[in-house]
Amino acid sequence: MTVQFDAAVGRVRLDPATFDTLVDLATDAHPDAHPDARTQAPADARATDDLTATGVLVDGHPTEVLAPALAAVARPLARLETVVASRHQLLVHQGWLSLLSAVLADVGDGSYDFAGVATEFVPTTIARLVRLRPRTRLGAGSVTVTPDLLDGLLDPDDGRRARAADALGTALASDFAEAAGLVRDGAWCFWSAVVSWAPPGRSVRSDADLVSRRVSVLDTTAGMLALEASGPPGADRLSLVPTTPTDVWFLLSSILPSDADLGADAADDSAHESTDHRGS
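306 is the number that my numbering gives the last residue of the sequence shown; the numbers go up by one with no jumps.
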């Protein structure tokens, strides 16, 4: 695809290979970048030419307009993944959180929008990506669900998502008949937003060592249900319970890690890096 760059708002639309090329070029300029920041993708001459032609690259380097966002990718304090699933589509949005953050939004046609976003507006960005909107509150009740069912709702395969939705519709029928009918008919959206970060003072060998916060919601025109976990660690009971857009917004507003969660040293290092970058 052709790269589209809006310098006025600092947003670039591009495909995954071109994004990888852009990240690698930016990471090369950050010797202290996180080891996982570089994609290890082979050099793509076409992507480099497209980025240069649209002004994303200037003299072989990313334009200053995108520099703060790319710095967040190179050295994030936390990572965001927001998956939005429906009967016929699966969108996977990514984010990198730092003093200034960055989001790579899945457009749905094989292209992505990359832009910087002030960290305090990340919850607002998530709300926009999941299309949080007014809904009436469902009546009392709850539905127990399994991790396998939830994984099925977020599966890249349309058929597996449809089968998971059929199973969910059956589970919903006793307490939420209208929502169950909509889910069976394919008129549903299930999304999950996860923010993960490394706990201060502890080594991270795999994703299992990360600390995370998650907000997961089933959305229908009849109402919304949020995923809740209860029970002892490692044996959580997962349930979908009625919620409202206001309550979901409160959860999203609390999803980001605090300075204490990240450790003072990490926050100070990020601020120092951002100050150095702005002054360059």
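All residues carry an ideal CB built from backbone N, CA and C; glycine is no exception.
My assumption, with CB atoms under 8 Å, is that residue i sits in contact with residue j. Please give the rounded CB distance.
i, j, result
"Trp214", "Arg113", "7 Å"
"Val109", "Val99", "About 19 Å; that fails the 8 Å criterion."
"Ala141", "Val171", "Not a contact, Cβ separation roughly 34 Å."
"Ser1", "Pro149", "Shown here, the chain extends from 27 to 306; a query on residue 1 therefore has no answer."
"Thr162", "Gly81", "With a Cβ gap of about 47 Å, Thr162 and Gly81 do not count as contacting."
"Leu244", "Pro268", "About 10 Å; that fails the 8 Å criterion."
"Leu264", "Leu253", "6 Å"
"Asp70", "Ala43", "6 Å"
"Tyr138", "Phe45", "6 Å"
"Leu130", "Gln115", "Actually they are not in contact, since the Cβ atoms of Leu130 and Gln115 sit about 17 Å apart, beyond 8 Å."
"Ile152", "Ala199", "Between Ala199 and Ile152 the Cβ distance is about 30 Å, and since that is not below 8 Å, they are no contact."
On the DSSP letters alone, give me the boundaries of the alpha helix (DSSP H) that residue i sits inside.
i, result
"Phe276", "Pro271 to Ser279"
"Gly167", "Here Gly167 belongs to no alpha helix (DSSP H), and DSSP marks it neither H nor E."
"Gly195", "Asp184 to Leu198"
"Ala203", "Ala203 to Arg210"
"Asp287", "Asp285 to Leu288"
Name the DSSP bridge partner or partners of residue i?
i, result
"Asp76", "Paired residues: none, contrary to the question."
"Leu40", "Tyr138"
"Val246", "Just to set this straight, residue 246 is Thr in the shown sequence, not Val. Gly249."
"Ser127", "Val143"
"Val267", "Ala252"
Where does residue i sit, in a helix, a strand or coil, going by DSSP?
i, result
"Leu95", "Leu is not the amino acid found at residue 95; the sequence shown has Ala there. Here Ala95 sits in helix by DSSP."
"Gly178", "helix"
"Asp235", "helix"
"Asp132", "strand"
"Pro173", "helix"
"Leu51", "helix"
"Asp46", "helix"
"Val241", "strand"
"Val17", "Residue 17 falls outside the range modelled here, since the chain spans only 27 to 306, and no answer is possible."
"Pro149", "helix"
"Met27", "coil"
"Leu282", "coil"
Can you name the start and end residues of the beta strand (DSSP E) that residue i belongs to?
i, result
"Glu254", "Gly249 to Ser256"
"Val156", "Note, Val156: premise wrong, no beta strand (DSSP E); not H, not E."
"Glu107", "Ala104 to Ser112"
"Ser222", "Cys215 to Trp223"
"Val118", "Leu116 to Leu123"
"Asp32", "Gln30 to Asp32"
Are at least three pairs of beta-carbons, each pair with one atom in the region 229-241 and one in the region 123-130, less than 8 Å apart? no
Do the region 189-208 and the region 166-181 make contact, defined as three or more Cβ pairs closer than 8 Å? yes
Three Cβ pairs or more, each shorter than 8 Å: is that satisfied between the region 171-180 and the region 198-206? no
Inter-stretch contact (C-beta, 8 Å, three-pair minimum) for the region 182-190 and the region 225-236: no
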